[in-house]
Amino acid sequence: MQTCHSGTLSASPDGAASSIALALLRYGMPAVVAMQGEVGQAAAHEFARMCLAALAGGSTIAQAVAAGRSAAHAAGHAGWMLPVLYTGAVPGRSRTLASAARRWPAAPGSRGA
1 MQTCHSGTLS
11 ASPDGAASSI
21 ALALLRYGMP
31 AVVAMQGEVG
41 QAAAHEFARM
51 CLAALAGGST
61 IAQAVAAGRS
71 AAHAAGHAGW
81 MLPVLYTGAV
91 PGRSRTLASA
101 ARRWPAAPGS
111 RGA
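The sequence shown: position 16 = 16 (UniProt numbering), numbered continuously.
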């Protein structure tokens, strides 16, 4: 899912900070990559292309986000700084895509189900 403002914090009626990203973390997702504002299509594409390639290559989620941001910056996109990584991880321990996938059961109908 790619959405603008998914990492933008807003105050809920009870005064707590809220965003799509934080809601997903509360649901139990180990990590969420979100956008802190409105990002252009070209910047989002470049970020996602390199971030996903880095994940597929075995990089940690934090390394992949950094690679995606660097690629968007190198391509001259002003929105390179909008992607943000939220994690529920223990500091100092970063997950790879494979280690994160082992935490979650396979989706119904997938090869792993």
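Think of the CB as a built atom: it goes at the ideal place given N, C-alpha and C, for glycine as much as any other residue.
Rounded C-alpha distance that separates residue i from residue j
i: Leu-22; j: Gly-37; result: 15 Å
i: Gln-41; j: Leu-25; result: 25 Å
i: Met-50; j: Ala-31; result: 18 Å
i: residue 117; j: Gly-58; result: Since the displayed the chain opens at 1 and closes at 113, residue 117 lies outside it and no answer follows.
i: His-73; j: Tyr-27; result: 32 Å
i: Arg-69; j: Met-29; result: 22 Å
i: Ala-34; j: Ala-48; result: 11 Å
i: residue 195; j: Thr-60; result: What is shown of the chain runs 1 to 113, which leaves residue 195 out entirely.
i: Val-65; j: Ala-71; result: 10 Å
i: Ala-113; j: Leu-52; result: Confidence is the limiting factor: at Ala-113 the pLDDT is only 45, short of 50, which leaves the residue's position unreliable, though a coordinate-based value still follows. If you take the alpha carbons of Ala-113 and Leu-52, they lie about 23 Å apart.
i: Thr-67; j: Ala-56; result: In the sequence as displayed, the identity of residue 67 is Ala instead of Thr. Using only the alpha carbons, I get a separation of about 12 Å.
i: His-45; j: Ser-19; result: 22 Å
Supposed close pair residue i, residue j - CB separation, criterion 8 Å
i: Ala-62; j: Leu-85; result: 6 Å
i: Gly-79; j: Ala-43; result: 4 Å
Assigned secondary structure, residue i (DSSP; H/G/I helix, E/B strand, else coil)
i: Ala-56; result: helix
i: Ala-34; result: strand
First through last residue of the beta strand (DSSP E) which encompasses residue i
i: Leu-82; result: Here Leu-82 belongs to no beta strand (DSSP E), and DSSP marks it neither H nor E.
Residue i - containing alpha helix (DSSP H), residue span
i: Ala-66; result: 61-74
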